[in-house]
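Trainee:
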Amino acid sequence: MKKINSRPASLKEAPFHYCPGCGHSIVHRLVAEVIDEMKLREKSICSLGVGCAVVAYKYFDVDTVEAPHGRAAAVATGIKRVRPENIVFTYQGDGDLAAIGTAETLHAANRGELITVIFINNAVYGMTGGQMAPTSLVGQKTTTSPAGRNPLKEGYPLKFSEVLALLGGSSYLERVAVNNPANIRKAKKAIAKAFQHQKKKSGFSVVEILSPCPTNWRMSSVESCRWIDEVMTKVYPLGVIKEKKC
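So in my numbering, spot 120 of the sequence shown is number 170, and the numbers just go up one at a time.
Here's what the structure looks like:
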């Protein structure tokens, strides 16, 4: 019998520790598959944000660096400047990237740093207990907004990819999701395209990925996937936000 599927070489032989239904493991595989297919394994370096994303060093079989909280883009910038021949990417959650890491990410994009950001948006702080994040939706209940996010008190959901798209140094930004097979295929294509933009030195690239978090959303895995389609994408619509010719 012909073998048609196997573990990517860029993914270690280690069981995932993520909660059932979490999207991180799906994204890990997609990134690893793209690295293998583009033959980038010996050239890739990943700067890891703090949160659920940080333990990706256990799974990616490429060089990784743990950045201080929110500083993954700054660390990636330093690596890329001294090793311009490498493919350098960050792997960050919404809390790490869009809260404490706002300045680092914004200025890296504005400078057009030749790095790629893999941005996991699950609209909540995952690792630390399900607190409200900058990306939490209006009315969304979290451990720090038990009555639901109130925009008069906590502001509105931060559409960070749209903000980055306004900057001259950003080259490619696309929002995708990993809640069904069709979206997963589109997510993989977006990751590959982002790496292509880096290879062609066209500027700063971002793939924002809407990812289910059943544990902190207090939903089943099926409900979480449905919630992305029915609720989350209304605030964070899928598709290419910006793309320069490269």
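Glycine included, every Cβ here is placed at the ideal spot set by N, Cα and C.
I need the straight-line Cα distance from K292 to I168, nearest angstrom please.
Mentor: 15 Å
Trainee: Locate the beta strand (DSSP E) running through L164, then write down its first and last residues.
Mentor: That residue, L164, is in no beta strand (DSSP E); it is neither H nor E in DSSP.
Trainee: Where do the ends of the beta strand (DSSP E) carrying V226 lie?
Mentor: S220 to A227
Trainee: Should A183 go down as buried or exposed, given a rule of 16 or more other Cβ atoms within 10 Å for buried?
Mentor: When all chains shown are included, A183 counts as buried.
Trainee: Take I129 and list the residues in its own chain whose beta-carbon comes closer than 6 Å to its own, dropping the five residues that flank it on each side.
Mentor: I95 and V138
Trainee: So what's Y107 in DSSP terms, helix, strand or just coil?
Mentor: helix
Trainee: From G180 to N229, what distance separates their C-alpha atoms?
Mentor: 20 Å
Trainee: Thinking just about the alpha-carbon of each residue, which of R91, N55 and T166 is nearest to the one in L214?
Mentor: T166
Trainee: Where do the ends of the beta strand (DSSP E) carrying E293 lie?
Mentor: Residues G289 to E293.
Trainee: What are the start and end residues of the beta strand (DSSP E) that includes D113?
Mentor: D113 to E116
Trainee: Using the Cα positions of H74 and G151, report the straight-line distance between them to the nearest angstrom.
Mentor: 20 Å
Trainee: Using CA coordinates, which residue listed in A103, R276, S211 and G189 is at the minimum distance from Q142?
Mentor: A103
Trainee: Assess, as a yes-or-no matter, whether the stretch 275-294 is touched by the stretch 81-101 under the definition of 3 or more beta carbon pairs within less than 8 Å.
Mentor: no
Trainee: Mind checking who C72 pairs with in its DSSP beta bridge?
Mentor: In the DSSP output, where bridge partners are listed per residue, C72 has none listed.
Trainee: What does DSSP give as the partner residues of R199 in its beta bridges?
Mentor: V188
Trainee: Does L48 come out as helix, strand or coil in the three-state DSSP assignment?
Mentor: There is no way to answer for residue 48, as the model of the chain reaches only from 51 to 296.
Trainee: With DSSP as the reference, label L61 as helix, strand or coil.
Mentor: In the three-state reduction of the DSSP assignment, L61 falls in the strand class.
Trainee: Between the beta-carbon of T155 and the beta-carbon of L147, is there less than 8 Å?
Mentor: yes
Trainee: For T140, name the three-state secondary structure that DSSP assigns.
Mentor: strand
Trainee: Determine the extent of the beta strand (DSSP E) in which F254 is found, giving its start and end residues.
Mentor: Per DSSP, F254 belongs to the beta strand (DSSP E) from F254 to L260.
Trainee: Using a Cβ-Cβ cut-off of 8 Å (strictly less than) and excluding sequence neighbours within five positions of N136, which residues of its own chain qualify?
Mentor: K93, S94, I95, I129 and K130
Trainee: Where V257 and P118 are concerned, what is the direct C-alpha to C-alpha distance, given to the nearest angstrom?
Mentor: Taking the straight line joining both Cα atoms gives about 21 Å.
Trainee: Rounding to the nearest angstrom, what Cα-Cα distance links A242 and V105 in this structure?
Mentor: 22 Å
Trainee: What is the DSSP secondary structure of I170, counted as helix, strand or coil?
Mentor: strand
Trainee: Check whether the Cβ atoms of G162 and G101 lie closer than 8 Å to each other.
Mentor: no
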